[in-house]
Amino acid sequence: MDFKESPFMYAVALAVIAFVIAQSVFFLVKSLKRGKELGISKETLKTTMISSAVFTVAPAISILATVIVLANALGIVLPWIRLSVIGNLAYETTAAQTALDFWGESLKHSVSDPQQFATISWAMTLGSIAPLLLLPFLCKKLQKKIGATVNKSEKSQKFGDAISAAAFIGIVMAFVSREIYSYTVQKSNVLDAAGNSIVNEAGQILKVKTITGSAGLMSILVLICAVVFMLILDIVCKKFKLTKLEPFAMPIAMFAAMGMAVLFTNVLPESLVNHTWFEIGTELAQIYE
Amino acid sequence: MQKDYFDRVHKWGILWNIGALVTLLCIPVAICTHLGVWPELDSLLSIMPKLMGLYWLTAIVEVITYVPLLGPGGAYLSFVTGNISNLKLPCGLKAMEQAKVRANTEEGEVISTIAISISAITTTVIIAVGVLAFGATGSLQLLTEGSLAPAFEYVLPALFGSLAAGYILKHWKVMIAPFVVGVLFLYFVDPTMGAGTLMFITIVAAVIGVLILNKANKL
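Taken in sequence, the protein lines are chains A and B. Residue numbering for the first sequence is 37 to 325, as defined by the working numbering. Residue numbering for the second sequence is 8 to 226, as defined by the working numbering.
Below, the structure written as C-alpha cells:
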C-alpha cells in the first residue's frame, strides 16, 4: 500500500479535523450565547448561520478541487490535512516544491521516498505556523486600538460607517481588479530528457517562470453576471419585501454567475472562451536559483 | 461588560491557538514516527529560510489586516482553519453587513464569529466528505476536468462580483476610487501583484476617497 494513503495517514487527518470542528463548535456556541445576551434576535442569528453555510458551499468545493492538484505528488491525505488547517493552495504548492528542490525533484512526479515526504510535511507545517505564533501577542493589542478608534468615530455615525465600509470595499475591490486585469506566475523546475532537474556548478536549480493564470474575457463576464444578478435580486427583495430571501441573494447570485460560466464555455466561440490578456503557458524566463 | 466579553474571547482564542500549534506540530511528528524517518537537518536548514522569508513576513501583514476586519474571535478561528481571503473574510464581512452590525463592536464580533465558525465547519465537512467519498475513485477529477469545471474555475469572480454588488446601491461613490486605482495599478505597475498586497493600496484609495467625499459633503 502507498504509505502516503495508509490507514495511519487517514487517522491523522481525522484527528486534525476533529480539532478544527471542536474549535469551530466551541466559538459558535459561545458567540450564540453572547448574541442572545446582547439581544440580537433569534431570526438574525439563524439567518447568519444558514446564509453563511450556503455561501460557503461553492468556495469549499473549489478548495476540494485544489486538493486534487497536489494529490498527484503527495497522495490525497496530506493535501487534505493541509487544506483543512491554515493551508491554501498557493502556499502548500510553494512549500512542497521548495522542499523537493533540495533533491532536484518536481511536483510533477509522485513522491515515493518517505524521507522526502516527511521533510515536505515539516516544511509545510513550519512555514505556515507564523500567524499562530503572532496572534497571542498581537490580537488583543490590535483589537483594543481599533475598537477605541471606531467608538470615537461614532460621534458622526455616517462618516464612521463610511470609513469602515471603505476598508471593506477596498478589500473587495482588490479582488475585483484582479479579475479584470492580472496574471499569475509560477516557477517550476526545468527537467532534462530523463526527467531530472538541471543543476549548475554552484548547485543552483534551473527554473522557468510560466504564466499559469490570467484575467480575460471570461473572468470579466462572470464578474459582470454576478454583479447584475445580485443587483436584480437585491432590488426584487426590497421591492417585494422578501426579507426571507435577502440573506440568500448573494449565494444565489454567485451560483447563477458560476452557471453562466458553464453556459458561456459551451455556447461562445472557443477563441472568446479562451481569451485572456496574457497567454497561459507562456514561459517568461529561465533562471538558476 | 464589553471589556469582559472581549477579554474572554482573547483567553479562549489563545488557549485554542496553543492547542492548534500543538496539533499542527504533531502532524509531521506523527508522520515521521510512523514512517521511521526524520528530515535531515541540512535539508531543513536549506529549505526553511526560503519559505520563512516569504511566509513569515506575509503572516505579519495578514495578522495586522485581518484582525481589525474579522474581530478577535473570527481571527483566532480563521487563522487556524485557513483559506481566509477566498472564504472566511468575505463570509464574515457579508454576515456583518447583512445583520447591519459593525466590526469591532460586540455585536459585530458575535456575528462575524458565528459566520466564520459555520463557514469553517461547512468547509471541513465538504472537503472530508469529498475526499472520503470520491477521493479513492478518482471522480474528484470531474471538478477540474468535467463539464462543471468552468463553474469552479470562475468561483472567485462570481464570489467577489456578488459581494461588490451588495455595496453598489449604498456606497457606489466610495467604490470608484479603489476600483480605478486597483485596475490602473495592475495595468501600469505590476499585473502579478496578489490581492493580499493590492488590498493595502485599494484600502488607502477607498479611505482617501471617503475623506474627499466627506469634505465635499457628497457622502
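Glycine residues also receive a C-beta, built at the ideal position from the N, C-alpha and C atoms.
CB of residue i within 8 Å of CB of residue j, strictly
i	j	result
Leu150 of chain B	Ile97 of chain A	yes
Leu178 of chain A	Pro75 of chain B	yes
Ile134 of chain B	Ser42 of chain A	no
Ile122 of chain A	Gly78 of chain B	no
Thr248 of chain A	Val221 of chain A	yes
Ala106 of chain B	Ile118 of chain B	yes
Asn93 of chain B	Pro95 of chain A	yes
Leu170 of chain A	Ala82 of chain B	no
Thr134 of chain A	Ala107 of chain A	no
Ala184 of chain B	Ala212 of chain B	yes
Ala285 of chain A	Val258 of chain A	no
Ser164 of chain A	Ile38 of chain B	no
Met217 of chain B	Ala202 of chain A	The sequence given here places Val at residue 217 of chain B; Met does not occur at that position. Yes; because the gap between Cβ atoms is below 8 Å, this pair is in contact.
Val87 of chain B	Ala27 of chain B	yes
Met59 of chain B	Gly206 of chain A	no
Leu32 of chain B	Thr161 of chain A	yes
Glu113 of chain B	Leu81 of chain A	no
Gly55 of chain A	Thr30 of chain B	Strictly speaking, residue 55 of chain A in this sequence is Phe, with Gly absent from that position. Yes, the pair counts as a contact, with Cβ atoms nearer than the cut-off.
Ser169 of chain B	Met266 of chain A	yes
Leu166 of chain B	Pro56 of chain B	no
Ile128 of chain B	Leu68 of chain A	no
Trp19 of chain B	Lys223 of chain A	no
Selection from the options that minimises the alpha carbon distance to residue i
i	options	result
Trp179 of chain B	B:Pro35, B:Leu226, B:Ser146	B:Leu226
Ser88 of chain A	A:Lys69, A:Ala109, A:Leu64	A:Leu64
Gly317 of chain A	A:Leu308, A:Thr80, A:Val244	A:Val244
Met141 of chain B	A:Ala101, A:Leu50, A:Gly163	It is worth fixing the name first, because residue 141 of chain B is Phe in this sequence and not Met. For the residues A:Ala101, A:Leu50, A:Gly163, the minimum Cα distance to Phe141 of chain B belongs to A:Ala101.
Ser148 of chain A	A:Val103, A:Phe62, A:Leu110	A:Leu110
Phe14 of chain B	A:Leu253, A:Val208, A:Cys273, A:Cys175	Note on residue identity: the sequence assigns Asp, not Phe, to residue 14 of chain B. It is A:Cys175 whose Cα lies nearest to the Cα of Asp14 of chain B.
Leu22 of chain B	A:Leu269, A:Lys72, A:Leu68, A:Phe62	A:Phe62
Val103 of chain A	A:Thr83, A:Ile86, A:Ala126, A:Phe91	A:Ala126
Val138 of chain B	A:Asn302, A:Gly163, A:Val113, A:Ala202	A:Val113
Phe291 of chain A	A:Glu215, A:Leu269, A:Cys273, A:Asp228	A:Leu269
Met296 of chain A	B:Ala202, B:Ala158, B:Lys177	B:Ala158
Ile210 of chain B	A:Leu253, A:Phe204, A:Arg214, A:Phe265	A:Phe204
Pro150 of chain A	B:Ala202, B:Leu32, B:Pro46, B:Lys101	B:Pro46
Glu141 of chain A	A:Cys261, A:Ser233, A:Ile57	A:Ser233
Val298 of chain A	B:Tyr161, B:Pro198, B:Gly203	B:Tyr161
Leu163 of chain B	A:Ile271, A:Asn236, A:Phe91	A:Phe91
Asn24 of chain B	B:Leu51, B:Met200, B:Ser85	B:Ser85
Thr72 of chain B	A:Ser200, A:Leu242, A:Tyr217	A:Ser200
Ala61 of chain B	A:Lys66, A:Glu128, A:Leu281, A:Leu304	It is Leu, not Ala, that sits at residue 61 of chain B in the sequence shown. Nearest of A:Lys66, A:Glu128, A:Leu281, A:Leu304 to Leu61 of chain B, Cα basis: A:Glu128.
Glu325 of chain A	A:Val93, A:Ser67, A:Gln240, A:Ser218	A:Gln240
Classification of residue i by the beta-carbon crowding that lies within 10 angstroms, buried from 16 upward
i	result
Gly231 of chain A	exposed
Asp38 of chain A	exposed
Asp137 of chain A	buried
Asn224 of chain B	exposed
His145 of chain A	exposed
Ala238 of chain A	exposed
Gln9 of chain B	Note that Gln9 of chain B has pLDDT 48, beneath the 50 cutoff, so the model's placement of it is unreliable and the number below is only indicative. When all chains shown are included, Gln9 of chain B counts as exposed.
Ile219 of chain B	exposed
Asn225 of chain A	buried
Lys275 of chain A	exposed
Ala131 of chain A	buried
Ser307 of chain A	exposed
Thr130 of chain B	buried
Leu278 of chain A	exposed
Lys101 of chain B	buried
Thr204 of chain B	exposed
Paired residues, beta bridge with residue i - DSSP
i	result
Val220 of chain A	It should be pointed out that residue 220 of chain A corresponds to Thr in this sequence rather than to Val. Looking at the DSSP assignment, Thr220 of chain A forms a beta bridge with A:Gly249.
Ile323 of chain A	A:Lys243
Leu227 of chain A	A:Ser233
Thr312 of chain A	A:Gly252
At least three beta-carbon pairs within less than 8 Å, the region 307–322 of chain A to the region 179–189 of chain B:
With fewer than three CB-CB distances shorter than 8 Å, the region 307–322 of chain A does not count as touching the region 179–189 of chain B.
With 8 Å as the limit, tell me which residues of the region 59–78 of chain A have their beta carbon closer than that to any beta carbon of chain D; keep them in chain order.
Given the protein chain composition of this structure (A and B), no chain D is represented.
State whether the region 29–46 of chain B contacts the region 46–54 of chain A, with contact taken as three or more CB pairs (one from each stretch) at a distance under 8 Å.
Output reads yes: the region 46–54 of chain A touches the region 29–46 of chain B.
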